[in-house]
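Below is one structure, written out as structure tokens; comments come after it.
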Amino acid sequence: MSTDAFQTLRALSQQVIDFAAPVPATQELIQNWHGAAFDVLGTRCVISADETRMIVDLGDTIPLPGVKHWVRGLANVGGRVVAISDLTSFLSGGAKTSGGKQALIVNGRGIHTGLMIEQSYGGVRLSTEQLRTDIQVADELQPYISGVFSTNDGDYALFDTSKLLIDANFTEASVITSS
Numbered sequence: 000m001s002t003d004a005f006q007t008l009r010a011l012s013q014q015v016i017d018f019a020a021p022v023p024a025t026q027e028l029i030q031n032w033h034g035a036a037f038d039v040l041g042t043r044c045v046i047s048a049d050e051t052r053m054i055v056d057l058g059d060t061i062p063l064p065g066v067k068h069w070v071r072g073l074a075n076v077g078g079r080v081v082a083i084s085d086l087t088s089f090l091s092g093g094a095k096t097s098g099g100k101q102a103l104i105v106n107g108r109g110i111h112t113g114l115m116i117e118q119s120y121g122g123v124r125l126s127t128e129q130l131r132t133d134i135q136v137a138d139e140l141q142p143y144i145s146g147v148f149s150t151n152d153g154d155y156a157l158f159d160t161s162k163l164l165i166d167a168n169f170t171e172a173s174v175i176t177s178s
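FYI, in numbering that gives the first Met the number 0 the residues of the sequence shown are 0 to 178.
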């Protein structure tokens, strides 16, 4: 091989190295976020897949005496007795109900509970780059929202069940009556 040909190959090799895209391992990693999408109070929300056990079509619930209006009762969900609450009714103070027959079964703080929702959209995959904290949502939802994913398909409010499950208004569901 002549020296000129070898020098030409070396120059071409260097150009390939100089103009090549970086390998994926050195590119900035974009985190994907997985969850379940649903409607509540006319707002499209998402809940983390880590907090969602399943989305179920509800059958009959067994009513419970002495509980607040938004507690729908108990249901058998996959062989487990789960308390079912109407999320829309809870958030609106009873002014509205979900009207739906679906529930998100969530697991937070070791508690399995069912949240009746207006509509389920199933699983979604979003980019954490789309998460913003400067977007406001309805006042009733605001205490339970940790941000909003802003996408080409619209906004998804990030519903934080841990905030709901530590709210005394939600956890203390019994109605206190005086005799």
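By construction, the Cβ of each residue, glycine as well, lies at the ideal position given by its N, Cα and C atoms.
For threonine 96, the three-state secondary structure derived from DSSP is coil. Taking C-alpha positions only, glutamate 128 is separated from proline 62 by approximately 43 Å.
One thing to note: glycine 107 has its Cβ no nearer than 8 Å to the Cβ of serine 173. Shown here for aspartate 154: same chain residues with a beta carbon closer than 8 Å to its own, the five before and five after excluded, namely Arg43, Ile134, Val147, Phe148 in chain order. Here the C-alpha atom of alanine 10 lies approximately 52 Å from the C-alpha atom of leucine 157. Between arginine 52 and valine 105, the C-beta gap is smaller than 8 Å, which places the two residues in contact. Burial check for isoleucine 110: the Cβ neighbour count within 10 Å stays below 16, so the residue is exposed. The beta carbon of valine 80 is closer than 8 Å to those of Leu73, Ala74 in its chain, skipping five residues each way along the sequence. One thing to note: isoleucine 54 has its Cβ within 8 Å of the Cβ of leucine 103. In the DSSP assignment, phenylalanine 37 forms a beta bridge with Cys44, Ser119. Close CB contacts of valine 39 within its chain, under the 8 Å cut and outside five residues either way in sequence, are with Leu86, Thr87, Leu90, Ser97, Ile116, Glu117, Leu140, Phe158 (chain order). According to DSSP, asparagine 75 shares a beta bridge with Val80. The DSSP-derived three-state label of aspartate 56 is strand. The Cβ-Cβ distance between threonine 112 and serine 145 does not fall below 8 Å.
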